[in-house]
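Shown next, in structure tokens, is the structure this report addresses.
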Amino acid sequence: MTEPISNLQAALQSGQFVFTGEIGPPKGTNVAPCLHEAEEFLKGTVAAVNVTDIQTAVMRVGSLAICRLLKERGIEPVFQMVCRDRNRLALQSDLLSAAVLGIRNVLALTGDHTTLGDHPEAKPVYDLDSAGLLEAIVNLEGGHDMGHDMKGKPNVLDGAPSFFKGCCVTPCSSSVEAQIIKLELKVAAGAQFVQTQAVYEPQRFEQFMRQIEHLKVPVLVGIVMLKSAGMAKYMNRSVPGVSVPKALIQRLADADKKDLPKVSTAIAAELVRAMRPCCQGAHLMTLGWDRHVPDIIAQATA
Amino acid sequence: MMHDGELTSGGLAAMGGAAGLMQRQWAPCRYHCPVHADVRAYIELIARGQYRSAVDVIRANLPFACVCGRICHHPCEANCRRNDVDEPVAIRELKRFVAELQGAAGSTVRKAPVQDKARVAVVGAGPAGLAAALDLARMGYRPVAFEKFPVAGGIPATAVPKYRLPRDVLRHDVEWILSHGIELRTGVEIGADQTIDGLLAEGFAAVIVATGLPKSRALNVPGMDHRRVLGAMEFLTAAAMDRPMDVGRDVLVIGGGNVAMDAARTALRLGGGRVRAMCLENEQEMPAWAWERREAEEEGVGFIRRRGPAEVLLRGGEIVGVKARKVTRVFDEAGRFAPLYDDADVIEPDCDTVVLAIGQQADMGFARGSGLAADDRGRLVYDPATHETSVPGVFACGEIVTAPGSVVEACAHGQRAAAAVDMYLRGVPVRIDDELPPAIGTISQEVGGKVTKVARAVIAARPAAERAGCFAEIDLTMSEAEALRESRRCMSCGGGAEVIVDKCAACLTCLRVCPFGIPVVTDVARISSDLCQACGMCIADCPAHAIVARSWSAEDLKAATDAALGRLPAGEGARRVVAFVCGHHAPANAWRGSLDDAVGGVAELYLPSMARLSTEQVLHAFEAGADGVVVVACRLGADRYPHATERVRKRVTAVNEMLAEAGLGPDRVQLTETASQGRAAMREAIAAAADRIAAL
Amino acid sequence: MIVAERKPLDEILNMLAPCKRVLALGCGGCVSVCLTGGEKQAAELAVQLRLAARRKKLDLAVEVDCITRQCDREFLTNLKQDPRTFDAVLSLACGCGVGFLSEQYPDVPVLPAMNTTFYGSNTAPGVWEEYCRGCGDCVLAWTAGICPVAKCSKSLLNGICGGTKDGKCEVNPDMECGWSRIYDRLAELGRLDEMRKLRPPRDYRKDRGGGVRRLVLASMTADDQTQEAKE
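Residue numbers (numbering that gives the first Met the number 0), protein chains in the order written: chain G, 0 to 301; chain X, 0 to 695; chain C, 0 to 230.
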């Protein structure tokens, strides 16, 4: 086994069930609240915290800056990078910047289309796709960038980075076979861990995990807290590859408004418990309800 | 002008626009008409209630419009392409309707501005002679027609039965013809009262012999010279002239042709008693038109077929019967007339009068006092190419030199002779170009199957029992409503779309909008004139203006729109609305713009179908000053062409969007689908639409 | 073929503000085929402009003409009038025609009546869809003829993203997911192995990344050009 580059990698290598969290940077320079959330509820509870990168094409403070600020507060960040906004020059540059700033975990993503966000007029880039980005990272790790010198030979870097590289997959996608083929490509390109899109159907997830066992990569199942029945229905309607069973929606609908956090926490914990046997960890996406992370973990591991 | 292959912009410009396109191919009605009347054109004019224009188109080629409306054997109908869809258009009945409606007074006379060219004598004022005289008069010559009978008209005046051709109908035609500046001298027999040599000496620069076949052929058998053995032509002529005849009560007509049928049916009407017709042929071989045979049979004429007369049997100085042998064969292997008899099989049908209808022959009396040569069969020597006889300056036309034919064929021959005489008198070699544009081909089953079936008008006829007692006309004329409906069955063969190949972008639109699936698109679109129904759907939608119609122009509708708007009262606040109306179900006076219940401020323009109404036509109305447009289409499925209403709906939506963009909206173009629901419903819809436009 | 759509009339009127006499010039090429810029559409635009001008009391005369294509010099000889006698030429051609004509007539403004949108094909009467992005590096051989550049909103090269839902793209529920279609088709053909190959990132120099593109067929150039090329 290789020497772990990051604590996250070490945790996964140790064979323990690993939890990761996620925070979204603010729209503006007021970073205090999101840093506070992370420090208060995630530090020490999860192995690492993902920082989203202009998620859903909504402009925000960059993932790179927040990752550094997390690291300064003793929290291990996972630097999410989307391919939507930057070309290969900027992506490679940001990777070197991340390495220089001490960031060791990277999650390579394609990125939601610009038309889904609040700047629909913007030009989508997608110079690389997620597999291409993973290849680019491996290339940098090998001491080269994607460019060539005057003699046509690959550029040699003065100092190469090292990263623990991740990618994502959508286990409940309507096109799951195509997703699996893509995942194979991403692993071939260098992906070392996988965080999934939200899963609410343990049986389906189990089936999926069997289909990808040949890939031998650690998988952290994605759990998004369902804050209300309305949110659950919205996810069914609008978020591709996510399907919340009617039973769960009913539980949320039946709960009193004041009980929703409790029910939501319980549901998340139950899902983790159900799917834990077939994966290596859980990636908790709370959409601001980070204060419930300790409870989820407690209930899930009790 | 022949069909010159594909149409290009340059080609179209060279022919001065689309008007020349109708000469590229002729509809089979025109092609097979001996005078090549523009049938498609006059049927369309009838459909639009433009009766004077229709009869003028007919008379441009056919002087005997009324006569042919009654008795023409209509090769046009036999070749009408509607035969392959349902039934042929009732062209002859339509011609009768419009020619008799207009009469002589209602047909335009276009005399030559000056008639000062040579005098030409025409011997015989029958169809061939008068047709020749008319053309000569139009060219500025001074024809004089000499007629031995007291009336002009030839066989139609003398031998065609009155139940077939009332004589006042014939007079319309003769009057119209003569009013072009033709002098008629009746009761003058050339060869007796005057000679051809005399005419030439008198100063006639040319003579046309058109004496026809007024006599009957005789039969050389014993008893044929009895006073009650009559020639059919003489019999019919006497009946037509109301002259008394010696006819008994048991008539046997010998012959199987049309003249025999005429004689038999005339005999029935004259005498009462029995009339039978005996002929050599069997039913299939009989040369008489099928409808003549059927009507004769309905009236009570008996038939004895496959028998040939051998002797007229006399007893006591009267005819008692005819000895008739069995005919074993009429035609030989080569189809020539060569009857064979079985003398052992003889019958003796009773009769007291015999009428011989075994053929017509000329009266060569006109040749007395001329140097005209006859051949060894006694027929006038003449050159079919030039109509010249053996005497310079003397020409011949009609049945005197052709085989027995119809009135229209005689007219065609007379017209040809007039052209020959004109060339002769101008001193140029007589060379007549008989070349015709090619005829349209047959319609494919696939396309024919998509044409909306409409039953042919049923012409009311007097019942047989009523007919046999009098000489009143048998077939009644069409009503105006029937005529409008029947004329709208015409498929406008050859009048349809033609692609200007250098403008075509092969966009496939014509192929997609054609209700009949006719365009073929390879490098460019090609639209088969054999199949096109002239609906105009593709012309309206072509993005490249690459399709033109042969029989109509989009510019004409624009001009009509301008004119219609010009007739609306002007002034501040005056309503100015154009209604484009599908005329497929409309009465004639609507087409002519003489509705007495027009909605105020609305000019109604009638089209044969909404298929040809393009968005550009509608936009033009606005540019020409309309405040609004009402499109009056037929109910779905009721239009002349399939899917027209569906396309019109989409065009109306599109043009409203274009107008809204330009600041004229919303809904300045109103659509109503009431054109097929009668005047009241339609008028109400137009008025309501105009009100909505006014409120905008 | 190139698909272009008519600009809104107000935008065109704004463009024509300084003009009194304008030539609406249709094109017999692609825009005729997609029924937006042919002679008929030029004539209709002219009527719309005249009606709008009348309403707004503008002094604007519009004439109409159309040539086979506006992207080749030789067709210009068929113009019925000299464009230089107008205040502007309002071209209904695609951007190629507008740009080319501008070069041919530098003294007359050549204005675009159209927004040129995509290279497309006609999928149903009245419907054209984007099929090609002119990327200069066609990969259709291994995507079963379905273009990942044109038919995938993100122009991804290595397969499906997470935004696909029931075969539709996250951008628009009516839009098909290109990679879903590629997957299905390759599966049908038994060629899914094509999707299992990791494809390297594109060389965008073949696309717009290389600047303005040009094609030169040496066998067809005029002699003096070839000579220059050799020197």
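Every residue gets a Cβ at the ideal spot worked out from N, C-alpha and C, and that includes glycine.
Treat the numbers as computed from the prediction; the structure is a model and nothing was measured.
The Cβ of X/Lys116 sits no closer than 8 Å to any Cβ of chain C. Of all residues in the region 54-67 of chain C, only Arg54, Lys55, Cys65, Thr67 come within less than 9 Å of chain X when Cβ atoms are compared, listed by chain position. Unbroken beta strand (DSSP E) runs of no fewer than 3 residues, entirely contained in the region 488-562 of chain X, are found at 496-498, 546-548, following chain order.
Against chain C, a Cβ distance below 7 Å from G/Asp93 picks out nothing, because the smallest value is about 16 Å. Cβ contact annotation for X/Gly230 (same chain, cutoff 6 Å, sequence separation greater than five): Ser215, Leu355, in chain order. Distance between X/Gly125 and X/Arg166, taken at the CA atoms: about 14 Å. DSSP places X/Gly128 inside the alpha helix (DSSP H), whose first and last residues are 126-137. X/Trp590 is classed as buried because its beta carbon has at least 16 other beta carbons within 10 Å across all chains shown. Going by DSSP, X/Phe621 is part of no beta strand (DSSP E) but of the alpha helix (DSSP H) stretching over 614-622.
No Cβ of chain C is located within less than 8 Å of the beta carbon of G/Glu200.
With its beta carbon less than 8 Å from one in chain G, C/Cys160 belongs to the interface. Within the DSSP bridge table, the entry for C/Ser90 names C/Leu24, C/Pro111 as partners.
Any Cβ of chain C closer than 8 Å to the Cβ of X/Ala543 would place that residue at the interface, and such an atom is present. If you ignore the 5 residues before and after G/Leu115, its C-beta comes within less than 6 Å of the C-beta of Thr55, Ala56, all in its own chain and listed in chain order. In terms of beta-carbon proximity, C/Arg204 stays away from the interface with chain X, with every pair separated by 8 Å or more.
Assigned with DSSP and collapsed to three states, X/Gly230 falls in strand. Counting only unbroken stretches of 4 or more residues, the alpha helix (DSSP H) elements lying wholly within the region 273-325 of chain X are 289-298, in sequence order. Put simply, of X/Ala587, X/Val498, X/Met244, X/Val393 the residue whose alpha carbon is nearest the alpha carbon of X/Gly197 is X/Val393. The three-state secondary structure of G/Met224, taken from DSSP, is coil. In this chain, G/Val216 is not harboured by any beta strand (DSSP E), its DSSP state being neither H nor E. According to DSSP, residue pairing for G/His143 in a beta bridge involves G/Val155. Interface criterion not met: the Cβ of G/Tyr233 is under 8 Å from no Cβ in chain C.
The C-alpha of C/Asp165 lies about 50 Å from the C-alpha of C/Lys55. Ile180, Lys181, Glu183, Leu184, Ala187, Ala188: these are the residues of the region 179-191 of chain G whose beta carbon lies less than 7 Å from some beta carbon of chain C, given in chain order. Counting along the chain, C/Pro172 sits inside the beta strand (DSSP E) bounded by residues 171-175.
Taking a C-beta distance under 8 Å as the contact criterion, G/Ser227 and G/Leu247 do not qualify as a contact pair. Less than 8 Å separates the beta-carbon of X/Pro160 from that of X/Thr265. Within a 10 Å sphere around the beta-carbon of X/Gly123 sit 16 or more other beta-carbons, which makes this residue buried. According to DSSP, residue pairing for X/Ile346 in a beta bridge involves X/Ala323. With fewer than 16 other Cβ atoms inside 10 Å of its own Cβ, X/Ala343 counts as exposed. The Cβ atoms of C/Arg53 and C/Cys26 do not sit closer than 8 Å to each other.
Neighbours of C/Lys153 in chain G, taken as residues whose beta carbon is under 7 Å from its own, are Thr109, His112, Pro123, Tyr125 in chain order.
Along the region 597-630 of chain X, the positions whose C-beta sits under 9 Å from a C-beta of chain C are Ser613, Thr614, Glu615, Leu618, His619, Phe621, Glu622, read in chain order. Chain-order list of chain C residues neighbouring G/Ala130: Asn157, Leu197, by C-beta distance under 7 Å. For C/Tyr182, same chain residues with a beta-carbon under 8 Å away, outside a window of 5 residues either side, are Gly158, Ile159, Leu191, Met194 in chain order. By the CB criterion at 8 Å, X/Ala504 and X/Ala543 fall inside the cutoff.
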